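Structure first, commentary second.
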Amino acid sequence: MVTGVEDDDMHLWFFRAQHLEEFAVAEWCSLCSGVRRQPSGPYGRETAPTPVGSVGDSDTSMASVQSQFSFRPLCWCVKSGSSPLYCSTGLTDVQARQIASRSILLRYVMRLWVQGATHAECAHRLLARAAGDALTAELLPDAGRRRHFRFVYSPCGKRVDMESQMAVFGQYAPFVRRLRDECGMQVALDAPDAERIGIVEDHRDARQCTHRVLVGRWLASGAYTRVGDAERGRGVAYYALPERPFIGTTSMDAELAFLMANVAGVRAGDVVLDPYVGTGSILVAGAVMGAGVLLGADLDMRVLRGIGKVTHRFIPCRENVDGNPPPGEPVADGTCAASRPAMCRNFAAYGIRRSQWPDVVRADMLQPMWAGRPGASAGWCDAIICDPPYGIREGTRRAAASHKRIPSRRQATRRVALDEQLEALFHLASHILIPGGRLVFWLPSLAPFTADDLPACPALRSFGPPSCQRLSGQLQRFLVTMVRTSDAMPSAVDSRDADGRPRAGARVAGHANLAARVFGVSARQEYNPS
Numbered sequence: 001m002v003t004g005v006e007d008d009d010m011h012l013w014f015f016r017a018q019h020l021e022e023f024a025v026a027e028w029c030s031l032c033s034g035v036r037r038q039p040s041g042p043y044g045r046e047t048a049p050t051p052v053g054s055v056g057d058s059d060t061s062m063a064s065v066q067s068q069f070s071f072r073p074l075c076w077c078v079k080s081g082s083s084p085l086y087c088s089t090g091l092t093d094v095q096a097r098q099i100a101s102r103s104i105l106l107r108y109v110m111r112l113w114v115q116g117a118t119h120a121e122c123a124h125r126l127l128a129r130a131a132g133d134a135l136t137a138e139l140l141p142d143a144g145r146r147r148h149f150r151f152v153y154s155p156c157g158k159r160v161d162m163e164s165q166m167a168v169f170g171q172y173a174p175f176v177r178r179l180r181d182e183c184g185m186q187v188a189l190d191a192p193d194a195e196r197i198g199i200v201e202d203h204r205d206a207r208q209c210t211h212r213v214l215v216g217r218w219l220a221s222g223a224y225t226r227v228g229d230a231e232r233g234r235g236v237a238y239y240a241l242p243e244r245p246f247i248g249t250t251s252m253d254a255e256l257a258f259l260m261a262n263v264a265g266v267r268a269g270d271v272v273l274d275p276y277v278g279t280g281s282i283l284v285a286g287a288v289m290g291a292g293v294l295l296g297a298d299l300d301m302r303v304l305r306g307i308g309k310v311t312h313r314f315i316p317c318r319e320n321v322d323g324n325p326p327p328g329e330p331v332a333d334g335t336c337a338a339s340r341p342a343m344c345r346n347f348a349a350y351g352i353r354r355s356q357w358p359d360v361v362r363a364d365m366l367q368p369m370w371a372g373r374p375g376a377s378a379g380w381c382d383a384i385i386c387d388p389p390y391g392i393r394e395g396t397r398r399a400a401a402s403h404k405r406i407p408s409r410r411q412a413t414r415r416v417a418l419d420e421q422l423e424a425l426f427h428l429a430s431h432i433l434i435p436g437g438r439l440v441f442w443l444p445s446l447a448p449f450t451a452d453d454l455p456a457c458p459a460l461r462s463f464g465p466p467s468c469q470r471l472s473g474q475l476q477r478f479l480v481t482m483v484r485t486s487d488a489m490p491s492a493v494d495s496r497d498a499d500g501r502p503r504a505g506a507r508v509a510g511h512a513n514l515a516a517r518v519f520g521v522s523a524r525q526e527y528n529p530s
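UniProt numbering puts the first residue of the sequence shown at 1, with every later residue one more than the last.
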């Protein structure tokens, strides 16, 4: 519980939605752990660790980041419940802006000046803090360069009409006069370079809370309305699935794809792999976040080539700033954009550079094809981000040998248990991830998550508690983040017997026979070949 004592080094983080609270914590910790990484070397990689735990530091965890920066929810009383307001200490304003520039779930961040039970109390404390030279030396260091300011009013848990807002602003009239007389600053609502002063009212539990008003210097907004390049960035809604020329039944939602990229710590020049690439929605987010090399693999050739159960909606695509033509037009190498993997239509439609278009291959995860570096424990991949099939919309299948002569290129497949897919995924991650590289994936379940739901692998450790998204009924899925350790040899432990069934005495995982339990039938048990 936060007291009324102000901290000169405290930042206030206002997140967009309360029901995404645990996702917001995971994203913030991931971004904070890599905020001071500066690119150098091949693909922009950093060659040495930095003071603040970087993504490449395998000892960094969600708990250590929260402890280091005192990141905690802003709860005034025990009954406040989940909070969209968090506070932190130990970060500079520059670092806070860096985190906000990548965060999808953040509304904005501000440096906290004062807090109190009423606006009158906050206005009195604000004048006391601004006494003497503290106004320009501590509160508004850019006051000499900025000639305008305005208030940003954010009520939390309540709608406030304009008349009430004007009454709130009137209580800070003495502070406004000081800004006008001593700093020569004028109120301007439309000035692009205006200094913004944030006022937050917390109405979540007005009857029991003792401190509900917070005032501070507005620093930066979140990246939901501008992701990617700071100059050409567009909002997440621009990348929404209905606006794409190529989508499928299991295409990852754009907001969740960007969230996964942030949790994985994707940055400029990274090598990112999606072994269940499908329509490439996750790789689109990786490209927008600046990944240098994008790789994908999938067993279903129909999806890779854009045929079968896939939505085709060809929309006019403008030529992007790099001179890349829209799909179907000739390119410099004499080929046609439409002859490339179907997912590349999305990359062309968004104006993504051709150097960031993904290289995809048809492959079976249970027949490893990605080679590690010979004689070295370190891998070559910075992040593996994927959404394995659950067996509901798309089956959990593997390539199967067939004695029949098939004149077409169709590959015979059979159903396998989701556990086998997870073991193959962990085995792959332990061999190709660099130390500190991350594996981020969704794990479906019909029961609460436990550590026994994951394969045992000493080369991978959990970054923090998984975040839960409820889908329907008892069906839910967890966003799991694993980090490649630097002191363990790549290995994986098989938790199933020769017939593909769980070993005797093993706990039945929440995702065991998921499709059969969801549909209430026994024929879809995934360890029975179909």
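For every residue, glycine included, the Cβ atom is placed at its ideal position computed from N, Cα and C. Only a predicted model underlies this, so the values are computations on that prediction, with no experimental measurement involved.
L304 versus R362: straight-line alpha-carbon distance, rounded: Roughly 8 angstroms between the two C-alpha positions.
Neighbour-count burial assignment, D382, 16 or more Cβ in a 10 Å radius: buried
Three or more C-beta pairs below 8 angstroms linking the stretch 216 to 223 and the stretch 116 to 127: no
Backbone secondary structure at G437 - three-state DSSP: The DSSP-derived three-state label of G437 is strand.
T92 classed as buried or exposed, judged by whether at least 16 other C-beta atoms fall within 10 angstroms: exposed
beta-carbon G265 near the ligand ATP non-hydrogen atom, thresh 6 angstroms: The ligand ATP is not among the ligands present in this structure, which contains no ligands whatsoever.
Simplified DSSP assignment, three categories, for D453: In the structure shown, D453 sits in a helix (DSSP, three-state: H, G or I).
Cutoff 7 angstroms: E27 Cβ touching any chain C Cβ: In the displayed structure, chain C is absent; only one protein chain is listed.
G286 versus R354: straight-line alpha-carbon distance, rounded: 14 angstroms
Simplified DSSP state of D9, which is helix, strand or coil: Coil at D9, not helix or strand.
Three-pair Cβ contact test at 8 angstroms for the stretch 83 to 91 versus the stretch 59 to 75: yes
Helix, strand or coil at S472 according to DSSP, with G and I counted as helix: strand
Local conformation of S164 per DSSP, three classes: helix
Local Cβ density within 10 Å of V94, reported as buried at 16 or more and exposed below that: V94 is exposed by the Cβ-count criterion.
Contact under 7 angstroms by Cβ, F246 with I104: no
CB contact flag (residue 570, T485, <7 angstroms): Given that the chain is displayed from residue 1 to residue 530, the structure contains no residue 570 and the question cannot be resolved.
Same chain, Cβ closer than 6 angstroms to V152, neighbours up to 5 away in sequence not counted: R196, G198, W218
Distance, V65 Cα to C386 Cα: 24 angstroms
Assigned secondary structure, P502 (DSSP; H/G/I helix, E/B strand, else coil): Note on P502: pLDDT 46, under 50, position unreliable in the model; the coordinate value appears next. In the structure shown, P502 sits in a strand (DSSP, three-state: E or B).
Secondary structure of I104, DSSP reduced to three states: Of the three classes helix, strand and coil, the one that applies to I104 here is coil, per DSSP.
First through last residue of the alpha helix (DSSP H) which encompasses P174: 173 to 182
Burial state of L214, where buried means 16 or more other Cβ atoms lie within 10 Å: buried
Reduced DSSP category for F14 - H, G, I as helix; E, B as strand; rest coil: strand
Bounding residues of the beta strand (DSSP E) (the contiguous stretch that carries I282): Counting along the chain, I282 falls outside any beta strand (DSSP E), though it belongs to the alpha helix (DSSP H) covering 281 to 288.
Rounded separation between G301 and A63 - CA only: Sequence check: residue 301 is Met here, not Gly. Roughly 41 angstroms separates the two Cα atoms.
R267 versus W113 - alpha carbon distance: In a straight line, the C-alpha of R267 is about 32 angstroms away from that of W113.
With 16 other Cβ atoms within 10 Å as the buried cut-off, status of S164: exposed
Assigned exposure category for D9 - 16 Cβ within 10 Å defines buried: exposed
Rounded separation between F23 and H148 - CA only: 36 angstroms
First and last residue of the uninterrupted alpha helix (DSSP H) at A261: 254 to 263
Helix, strand or coil at F169 according to DSSP, with G and I counted as helix: helix
Cα-Cα separation between C156 and V109, rounded to whole angstroms: Computed Cα separation, rounded: 14 angstroms.
Cutoff 6 angstroms; reference W357; Cβ partners in own chain excluding five residues on either side: C344, F347
Boundaries (first-last residue) of the alpha helix (DSSP H) holding F347: F347: member of the alpha helix (DSSP H) spanning 344 to 349, first to last residue.
Cβ distance (whole Å) where A26 is taken to contact L479 below 8 angstroms: That belief holds up - the Cβ atoms of A26 and L479 are roughly 7 angstroms apart, short of 8 angstroms.
Residue burial classification, L189 (beta-carbon count within 10 angstroms, cutoff 16): By the 10 Å Cβ count, L189 comes out exposed.
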